[in-house]
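>
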Amino acid sequence: MEVAEQKIFGVTEVNQLIKTILDGTPVLNRIYVRGELSNYKVYASGHHYFTLKDPEGVLRCVMFRSSAGKLRFRPENGMKVILHGRIAVFPRDGQYQMYCDSITPEGIGDLYVAFEQLKAKLYQEGLFDELHKKPLPLYPERIAIITSGSGAAVHDMIRILRKRYPICKVIVLPVRVQGAEAPAEIVGAIRYANRWKVADLIITGRGGGSMEDLWAFNDERVARAIYDSELPVISAVGHEPDVTISDFVADARASTPSNAAELAVPDKMELLTRLLSTSNFLSQLQSQQIRMCKEHLKKLSESHAMQDPIVFIQDKRMALDFAHQQLTNLAQTALAERQRQFSALAASLDALSPLKVLGRGYAVARNGTGKILKTANDVSVGEKITVSLGDGALGCTVEKIMPGEEG
């Protein structure tokens, strides 16, 4: 009976009632919650789903794409944060969760976290590698300054450049250096300078300010544009303590815009001093060479040959005669030796000549083909042979063959 008298709610009605109660509780509509991120996931829709936990409990959370797009850092599991949003019930599931519109790292600002995360990412990719950094030109003819056209920084740089190195042409590419549009404009100016080769060197930066003021030079797009630049880039952001991502990526980092101008060009006074010193050195060197030439000329003019050239020529003639006599003696000695050798060889050859043997009463017999007959068996009876004597030869016919004792 009691159940019949009470109102019976459907599941959807209960969930909707709880949602109404929670939505009507002001403290739950604008609430800050501290905890540790866990199970952080980003879906293809762009929505972020995660849980916030502490040692004794967990809270389901969601951050829709519109709010997540405003994050300046990348939330990670285990990060201690403070969430801002509202607590409500999703009627379909009947579970309450926190709808976040901001996430702030606890103890440090979100800009600092974003800076450190991007710094670590680009370092791992090698964008800070010293091997990639290009040397600055020693004597640039043109310098492109990418900064605000109305700020004090650009006027300081132009003043110093004109004072230190007035022959250099300065080209200002004005951009916004603060605000949401600044990174895209800085990137565009860097790419423009590279595409059209408007300068030999780029200086980009701005004057000092808060971390938020300098944030355009912590933008990943600007960092990659500096890294991809074919022209050397000097980063000149803020004052001495200020450090940005652009400083790490650039080919050179200046502590201030004024310091960038000093790094970019030599000082004309130093150049004039160096030129004067070099000029003096060359003058001294030239004077020394002239003095040495004069001394050498004086020695030549005082020499015996210059004082009495005929005597010098006579001395040379005597030396030539002496050399000629020596060569003649050497030639005669060599010729006599060759003649002696020739006579000895001729005597040896004559002693071995067969004509000498024939002159002692011996003879040489040859057959009709001219072959020398060595044995009686080399011919036949009736064969014509020639017998060479010491003086003349005989034509003979073989009438009888008389074999030797061995035959």
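Each step along the sequence shown adds one to the number in the working numbering, with nothing skipped, and position 205 is 396. Heads up, the beta-carbon is just placed ideally off N, CA and C, and yes, glycines get one too.
#1: Please classify M270: does DSSP put it in a helix, a strand, or coil?
#2: Specify the secondary structure class of H275 as computed by DSSP and reduced to three states.
#3: Is S534 near the ligand NAP, going by C-beta to nearest heavy atom under 6 Å?
#4: Here's the rule I'm using: 16 or more other beta-carbon atoms within 10 Å means buried, otherwise exposed. How should L540 be labelled?
#5: Within the stretch 193 to 239, note down every full beta strand (DSSP E) run reaching 3 residues or more, in order along the chain.
#6: DSSP on G586, reduced to helix/strand/coil?
#7: Taking the continuous alpha helix (DSSP H) assigned at P457, which residues delimit it?
#8: Measuring CB to CB, does L422 end up less than 7 Å from I334?
#9: Which stretch, first to last residue, makes up the alpha helix (DSSP H) that contains A525?
#10: I need the straight-line Cα distance from S449 to R251, nearest angstrom please.
#11: For L454 versus G429, is the C-beta distance shorter than 7 Å?
#12: Return yes when the Cβ of I351 is within less than 7 Å of the Cβ of A390, no when it is not.
#13: Are the Cβ atoms of D214 and G226 separated by less than 7 Å?
#14: Can you check the stretch 402 to 479 for any beta strand (DSSP E) of at least 3 residues that lies completely inside it and give the ranges in chain order?
#15: Taking 7 Å as the limit between beta carbons, can you name the residues of its chain near V345, skipping five residues before and five after?
#16: Mind checking whether V578 and V589 have CB atoms under 7 Å apart?
#17: When you compare the stretch 426 to 445 with the stretch 458 to 475, are there three or more beta-carbon pairs, one atom per stretch, that lie closer than 8 Å?
#18: Note down the Cα distance separating M192 from E204, rounded to an integer number of angstroms.
#19: Measuring CB to CB, does V424 end up less than 7 Å from D442?
#20: Determine the extent of the beta strand (DSSP E) in which D292 is found, giving its start and end residues.
#21: Where K575 and G559 are concerned, what is the direct C-alpha to C-alpha distance, given to the nearest angstrom?
#22: Among all the DSSP beta bridges, which residues are the ones paired with M254?
#23: Since A427 contacts A373 with CB under 8 Å, what's their CB separation in whole angstroms?
#24: Please state the DSSP three-state secondary structure of F319.
#25: With H275 and Y223 assumed to form a contact (beta carbons below 8 Å), what rounded beta-carbon distance in angstroms separates them?
#26: Taking the Cβ atom as the reference point for each residue, do V253 and Y240 lie within a distance shorter than 7 Å?
#27: Using the three-state DSSP reduction, which class does F264 fall into: helix, strand or coil?
#28: Buried or exposed: where does R444 fall if 16 or more other Cβ atoms within 10 Å of its Cβ makes it buried?
#29: Quick check: the Cα distance between D582 and A537, rounded to an integer number of angstroms?
#30: Helix, strand or coil: how does DSSP classify R367 here?
#31: From the DSSP secondary-structure annotation, give me the bridge partner or partners of L392.
#32: Where do the N-terminal and C-terminal ends of the beta strand (DSSP E) with I349 fall, by residue?
#33: What three-state label does DSSP hand I381 in the structure shown?
#34: How about R412 and V368: are their beta carbons less than 7 Å apart?
#35: Give the C-beta separation of Q197 and P282 to the nearest angstrom, bearing in mind that I take them to be a contact with Cβ-Cβ under 8 Å.
#36: Using alpha carbons as the reference points, say which of R263, F533 and K591 lies closest to A305.
Taking the structure as given:
#1: It is coil, neither helix nor strand.
#2: strand
#3: Inclusion of the ligand NAP in the displayed structure is not the case, the ligand content being empty and no account of it being possible.
#4: exposed
#5: 222 to 233
#6: Residue state, collapsed to three classes: strand.
#7: No alpha helix (DSSP H) contains P457, which DSSP labels as neither H nor E.
#8: Going by C-beta atoms, L422 is not nearer than 7 Å to I334.
#9: P500 to A542
#10: Spanning the alpha carbons of S449 and R251 requires a straight line of approximately 52 Å.
#11: Cβ atoms of L454 and G429: not closer than 7 Å.
#12: no
#13: no
#14: Here the runs fully enclosed are 424 to 428 and 443 to 445.
#15: I336, T338, S339 and V363
#16: Their beta carbons are not under 7 Å apart, which means V578 does not touch V589 by this criterion.
#17: Too few Cβ pairs lie closer than 8 Å, so no.
#18: Unreliable positioning characterises M192 in this predicted model, as indicated by a pLDDT of 44, which lies under 50. The coordinate reading is nonetheless provided below. When rounded, the distance between both Cα atoms is 23 Å.
#19: A contact, by the Cβ cut-off of 7 Å.
#20: Q286 to P296
#21: 6 Å
#22: Note: M254 sits in a beta bridge opposite H239.
#23: Not a contact, Cβ separation roughly 15 Å.
#24: coil
#25: 5 Å
#26: Cβ atoms of V253 and Y240: closer than 7 Å.
#27: DSSP, read as helix, strand or coil, puts F264 in coil.
#28: buried
#29: Distance between the alpha carbons of D582 and A537: 22 Å.
#30: coil
#31: I334
#32: Looking at the DSSP string, I349 is not in any beta strand (DSSP E); the run it does join, the alpha helix (DSSP H), is A343 to R355.
#33: helix
#34: no
#35: Q197 to P282, Cβ: 22 Å. No contact.
#36: R263
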